[in-house]
Every structure is written in structure tokens, then in C-alpha cells.
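The structure appears below as C-alpha cells.
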Amino acid sequence: MSEQQTTETGAETYDVQAVQDKWLPVWDQLQPFRADDDSPREKKYALTMFPYPSGDLHMGHAEVFAIHDVIARYWWFRGFEVLNPMGWDSFGLPAENAAIRNDEHPATYTYANIETQLHSMQRYATSFDWSRRLHTSDPEYYRWTQWLFLKIRERGLAYRKNSPVNWCPQDQTVLANEQVLADGTCERCGAEVTKRELTQWYFKTTDYAQELYDGLDALQDTWIGKVVNAQRNWIGRSEGAHVDFVLDGRDEPVTVYTTRPDTLHGATFMVVAADAGLAAEVVTDEQRPAYEAYVEEIRKASDIDRLATDRPKTGVFLGVHATNPVNGERIPVWAADYVLADYGTGAIMAVPAHDQRDLDFARKFDLPVRMVVDTGEEDPASSYVATTGDGTYVNSGALDGIADKATGIRTTIEQLQAAGTGEGTVNFRLRDWLLSRQRYWGCPIPIIHCEACGEVPVPEDQLPVELPELRGADLKPKGTSPLGAATEWVEVDCPSCGGPARRDTDTMDTFVDSSWYFFRYLSPHDDTQAFDTALANAWGPVDLYIGGDEHAVLHLLYARFFTKVLRDIGLIDWDEPFSAYLSQGKVINNGRKMSKSLGNGISLGDQLDEFGVDAVRLTLVFASPPEDNIDWADVSPAGSLRFLQRAWRLANDVTSEPGADVTTGDRALRQLTHRTVHEAEVLVESYRFNVVIARVMELVNATRKAIDSGCGPADPAVREAAEAVAIVLSLVAPYTAEEMWERLGHRPTVARADWPVVDPALLVEDSVTAIVQIQGKVKARLEVSPDITEADLEALALADPGVVAAIDGRPVRKVVVRAPKLVNVVV
């Protein structure tokens, strides 16, 4: 089977499948994208998010790989040594749940899907360096995940504590807040999330809160703006004060954080998170039954539900009062669900006149409402609408009459500090990273628990702690990790004292694996270290990271945390993992997310079979800018295939020899070729890949016209144009481009050819078309010099016969000239 078919008339047609079958083994042998650590060329690190192996690739994978490939291939063309690795994020719940259903080991499902996806990625002609392939579920990988956990713990950044956590009753595991959807359900399985008290492992991300926040300033111009804003909002830095309230019968005051200490005179009650330890501690015996019943009820709500502004307010009086430190007023202390236990001390001062949630609570339970900032609006006590704007302080003691918020805040903080009842401080919304999971298919936590010695790290020479061979029903958790039932694996001797001890039976959140995988790509086969520091400093940080918006907060934040910790350990000398970040949109169908239940799913495999890899890639890149959604119902892979066939035919029609003197070729075609290459450079570097395709299409059409009716196929300018098409087109359509390159007389592979050198002289236009309008209607087109003066252009326009006839003797009131392209005449 050849790469073309011959019709009855003798004309060749492009055989997509034959071309794919021809070049895949050639590329496999040549390995043109294998990065050389020792290359003298400047290094570039291109990274796209590695996939989870749940079945074959889908349209979303196809889009991100096509977009990513444009950049990686372009960098190779421009003379860089490019590291472009790929692997699999292969631990996680879907594989474990599939294994339970099918009574098999999760590895069976995982590695079978990896091979399926690998075959599809190679068919898709991605420019990945397969020599650096990794899987996070390989012991060779998670050995170093465990090693990094221990190093983080050595720095005091990993700890274990008991706390209320999100619990998925179906998957039987803990969820981070970010893994609970807005409707309070599990993002994985859709079950309603509840609360449980568990002892869990945490990473102390809050120690890096300020640095994580400040570091976003340097990323503002190179990351997508909405991603930077999402990070800022999640970290949630705010300036305010810690204020001490004395509670009845409690020796230690309760400290609350507020961004508006200037409104303390309006604090008429205090609210404590119902599931916080403080509430259970201070509730009176009389109120305890009502309180405990209330806690059981709120455990069914997610944190997102609890913080919703439109949620009906519920609560219970704890039977105690607190003393307001600025006026000595005794205020009641309530437990409620709209305050979270892990926010500060789990307590807030409630200022109902100026906070809507506090006002709704006060209305529900008939608590006082006192306005302390007069904004000119109706009193919230009667309007039931909290006022949050600036105004003049009232009912506020020494602040009365002041109309400047900054002065009010500063004055109040000074008063608190002088009285020893508070101080100015900075607070963050960010919470420590809960990383324990009560499931099997994850990285075991390398800690041994000994009654005599406490928490004992597994010695480094005993890493990795490998998972025991559980399968099927044995994997099903029953409220605790299934690893707890693997007695021979769990029960060990303490490495410190030699006495009986037990392994930690939780596994790590898979976000731990994906927070450092881009480091392991640097030394994927090194069994002596997690990664080579010299290589990390030579290649890193990642020059461009491409992925989806769904990871705009959690994954990126954790990767940034890991990078800063590794810097402080001394393993790297840079502190942000990704110099630039580009997020791609989604592929939808008929205006909706693709779904089997909606009947609008599109099979990537079917599209590749029908139209070929290049047509699908071209369609995805040409459809829109990378960050926009693509509606498959609005695009045409068939049209893309027709264009590729036209481009392929150009190479067939060129009759000049390689190396022909292009300076003797048609100047107009050469100008278009050089302008196309120059614009492609600018457009690729600004991520306007769809416009690059549009420019190549224009060049193909112009070259075809030159062959058919102008300079002819032997003109060296035609060869120059066809070669430029092959090179630029290879960014998105590698099979077609490779075929063109061979037919143009070159050895493979086009991906490692020299990028065309642009002649600046050919970018200068010999003439431009000036439009002449009368009363806004076009009456003439003039070919003029690009540097024509406004006076000369006006004179030419008014002398043009068509313009003279259109004016028809009427007085010219005004002439607006925008040299060299526009003259507008008003008569």
C-alpha cells in the first residue's frame, strides 16, 4: 500500500492511513525528540499535564496535545534543545473502584490503559521524549515520593492531627475541601459528602502562604490572568487584627481574627464553629444536649454549603457570654454552621449591621443590631440589609465623627495593643494540605507507629514501602483503609527500638505525586536520587506548562509549594515551577459538555479513523485561540483534510531541484512566503496558533495560483514556498509535512529541519492599496508607495477619474487622510 492512491484518470489522491503507517516506524527509529542533557544548545522545558489512565484518550487530550506540540516543535526549529516528556498519573480512585468491581488488582486496569493511551499518543504523532516515560504507581517512582515526604517532615512541614474532615461515604475516604463540589457532593462519584473526626496527615502549606501569594506578582504577565486571580483568591491574604475576648469561666481568652477591628463597637454576639473544639469546651451542661444534637445535624453539610450566603441560618446558644474588649459589653456566644472550625480559632465576632450573614443570623435569633458606620443608607436594623460601604463612625466611642476607614482601623489596633487585648496581623484563607487517604491504590505513607517511640520514619534504605498484593473485595474500604487488613504488611518491628509496631495504613493524596513529577522527568531512571540537582538547575524551571482550568488552584498551588520546599532543602536554586502557564478550553458539542447520557459524545478514535490524525489536529488548533472552548458541531475536520490534500499536492508539483537559487524566483511569491514565516514566528510566540494556520492556508492558495497561472512549477520561489509550508505545517500536521518534505527531495525528518531564514528586505512592501471613500462608500483603489505623504495621497485621490466623477462638481467639505491606506472625502 503506497502513501497515495491513483484514480482512473491517473491523478494521485492523498491516502491518509498509508502516510501514517509509513512514517510512524521511521520516527520511532530516528527518535527526533530525544533531549540531550549534554547538548550545548540553549535548553527549553515544555510540559503538558500528564493524564490519568482511565480508558483511551479523549477529545480533551487531543486538544491539549495538539496545542502543546505547536510550541515544542517550534522550539526545536528555533535551535533549542527541548525537554518534552510524558508519563502517567497512575495512582487513584478510579482504578481501585474498577478493580473492586472486576475482582482484580488495580495495576491490571491501570497499566492496560497506559498501553492503550501510549499507542494512541504515538499514533497522534506527539513530540514527546519517550525515553523519560514514568508512572507514579511504579515503586521506582513512589520510592522518591516517600523520600520527599520524609524530607518535608524533617523540616517540620508534615504533621498528624485529629480534626473534622470531609468524608465521602461511597468512596470511603477523606476529601480535601477543593474536592467537594459546590452542591456538597464528591467530585469523583457524586455522593453527598459528610463530616468525620479523623487523625490525618497534613503538609504545612500555610508556612509558605505569604511567599505563595507574593510570588504571583512575578507570574502575572506569563500566566493566564484568571489562573493568577484564582490562586490569589484561594490563598486569601487579608490584613486585620487579632482580638481577644474573655469568655465566662475560661482562663484563656478566645482570639478572633477580623479585617474590620474598627467595627468592634458593633459586635453584639460571638459565633463559634459548631464542630470546633472550642464550642464543645465552653458549652454549658444545660445547653450541651441541644448543642450535640445540632453538631450531628451540621456534619451532613459541606463547607461550601455552610459558607453559602443564601443558606438559612441555624445555630444554638452555648450558654456563655464573652466580654467585648473595646466597651466591656457582655455578648452571647452561639454555635453556628456558617463559621468553619479551621478558620483561625473557629470563632468570629459578629457585627450584624455590616455583615449580611451576621445580620441574617441576628434576625433569626432576635439578637441586637447596632450600626457603627453611617453610610447614608437605611439603618440595617430596620432595612434588614447590611451596609458594607465607607462612611462616618457612630456609636463607636473615640472613633465617632471620623470618616476615614484606614484611620479607624489604625486607631482601633493602637487601642487594642495599648490595652493588651489585640494586635494587628495578616491572615490567610489558605489551610494546610490534608494528604491522608483511606484507600489502597496510592503511595504508602512511610511512617511506623510504635507505642514506645511514637512516629518513626521508615529508614531510607528500606524505601520504597511497597503496597501489599490486595485485590478485588479485599480492596473495599469499610470506614478505614483496606491496608489495615493486610496484617503481615502492617505489623513490623520498630526501626528505632525493635519492639512491635504498625505501619501507617493511609496512602497519600495523588496530588502529592503530581506535585513533583516534572522533577523526576529530569532523572527518570536514576535509582540513587529523586532527581539530579545539576540537571534540575540546567533545565528548570519549566518554560511553559499547558493544562486545563480545572487545575488552576489545587495542582498548581501544591506544585508551587513543593518547589519552594525543595529550594529550601537545597535541591534546586529556583522557586517557581512554571515560568509560563497556558490553559486550554474544552471541546464541547452543540453547546454542551460531551456526555454519553446527553448523546453528544464524540469518539476521538472514530474521528482519527475517518479523517486522519493531521486533520483532527489541524481542526483543533485552527478552531479558536487555545483558551477558548471548541464546539465540535461548528468545525469541519473534512474541510481540514481537503486543505491538507491541497498542501500535499504542492510538493508533488514542484519541479526545481533542492538548493535552487531562490533569488531568481518570483518576487511577489517570495515576499508572501517570507511574510508568512515572519508572522508565524510572532503568532506562535503569542499563542495565536489559529492565525498561523490561516496564514499558511493563504500561502498554499497563493502558491497554487503561481503554479497554475503565474511563474510555473519550476520557479525556485515555488519550491521556497512549498518548503516553508511543509515546515510551518509540521507544527500541527506532522504526517502531511513529512510526506511533503520527502517529495521535495529532503531526508527525514522535517521536524529537525532549519527554520526558514527571513529576508528583511522581502518584508518591505513595494506598494499598498489605498482605499478612497466618498461619504463612506468606496469609489477607488490606488496602488501607492508605502511611504507616500498624506499630501501626495490626497492629491492622487482627488485626481482619480472615478473619484472626480463621483464628486460630480460638488464642493469638497473635508478630506481625511490616513496614509498610506485610506482617504475619506466628505462632500
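Mapping to the UniProt record's numbering: the sequence shown position 676 is 676, numbers consecutive. Beta carbons: idealized from backbone N, C-alpha and C, even for Gly.
Check	Outcome
Counterpart residues of ARG503 in DSSP-defined beta bridges	ILE448
Proximity of LEU157 and ASP89 at Cβ, strictly below 8 Å	no
Element boundaries [beta strand (DSSP E), containing HIS321]	315-323
Environment of GLU8 [buried if 16+ CB atoms lie within 10 Å]	Because the pLDDT of GLU8 is 37, which lies under 50, any placement of that residue in the model is unreliable, and the number read from its coordinates should be weighed accordingly. Exposed.
Own chain, CB closer than 7 Å to VAL193, minus 5 neighbours either side, in chain order	ASN166, TRP167, CYS168, LEU175, VAL180, GLY184, THR185, CYS186, SER302
LEU571: CB within 7 Å of a non-hydrogen atom of the ligand MN	By its list of ligands, the structure shown contains no ligand whatsoever, and the ligand MN lies outside what it can speak to.
Own chain residues within Cβ distance below 6 Å of GLY389, not counting five before or after	THR375
Own chain residues within Cβ distance below 7 Å of ALA714, not counting five before or after	THR655, SER656
Three-pair Cβ contact test at 8 Å for the region 115-132 versus the region 53-68	yes
Start and end residues, alpha helix (DSSP H) containing GLU140	139-154
Outcome for VAL339 when other beta-carbon atoms lying within 10 angstroms are tallied against a minimum of 16	buried
Between the CA atoms of ILE348 and GLY408 - distance to the nearest angstrom	20 Å
Residues that DSSP places opposite CYS168 in a beta bridge	THR173
Contact under 8 Å by Cβ, ALA728 with VAL692	Here residue 728 turns out to be Val, not Ala, going by the sequence shown. Contact: yes.
Whether VAL456 touches VAL465 by CB criterion (8 Å)	no
Own chain residues within Cβ distance below 7 Å of ASP345, not counting five before or after	Reading off the sequence shown, one finds Thr at residue 345, where the question assumed Asp. VAL254, THR255, VAL256, LEU278, listed in sequence order.
ILE630 versus GLN529 - alpha carbon distance	42 Å
Cβ neighbours of ASP358 in the same chain (closer than 7 Å, five flanking residues each side left out)	ALA350, VAL351, PRO352
Where the alpha helix (DSSP H) containing ILE100 begins and where it ends	93-102
Bridge partner(s) assigned by DSSP for SER730	For SER730, which the question treats as bridged, DSSP gives no partner whatsoever.
Endpoints, the beta strand (DSSP E) within which TRP489 is located	Note, TRP489: premise wrong, no beta strand (DSSP E); alpha helix (DSSP H) at 487-490.
Cβ shell of PRO801 (< 8 Å), same chain only, five flanking positions each side left out	none
Where ARG567 falls: helix, strand or coil (DSSP)	helix
Opening and closing residue of the beta strand (DSSP E) in which VAL246 lies	238-247
Span of the beta strand (DSSP E), counted from its first residue to its last, around PRO332	330-336
Nearest candidate by alpha-carbon position, reference VAL662, set PRO164, PRO312, VAL758	VAL758
Neighbour-count burial assignment, HIS525, 16 or more Cβ in a 10 Å radius	exposed
Length of the line joining the Cα atoms of PHE689 and ALA293	59 Å
Sequence-distant residues of its chain with Cβ nearer than 6 Å to LYS814 (five each side left out)	VAL826
Same chain, Cβ closer than 7 Å to HIS674, five either side skipped, listed in chain order	VAL758, ASP759, LEU762, LEU763
Where PRO25 sits in the DSSP three-state scheme	helix
Rounded separation between PHE611 and TYR581 - CA only	31 Å
Beta-carbon proximity check, PRO261 vs GLY55, cutoff 8 Å	no
C-beta atoms of ARG752 and TRP76 nearer than 8 Å	yes
Rounded distance between the beta-carbons of VAL587 and ALA125, thought under 8 Å	No, ALA125 and VAL587 are not in contact; Cβ-Cβ is about 19 Å, not under 8 Å.
Pairwise C-alpha distance: THR749 and PRO32	7 Å
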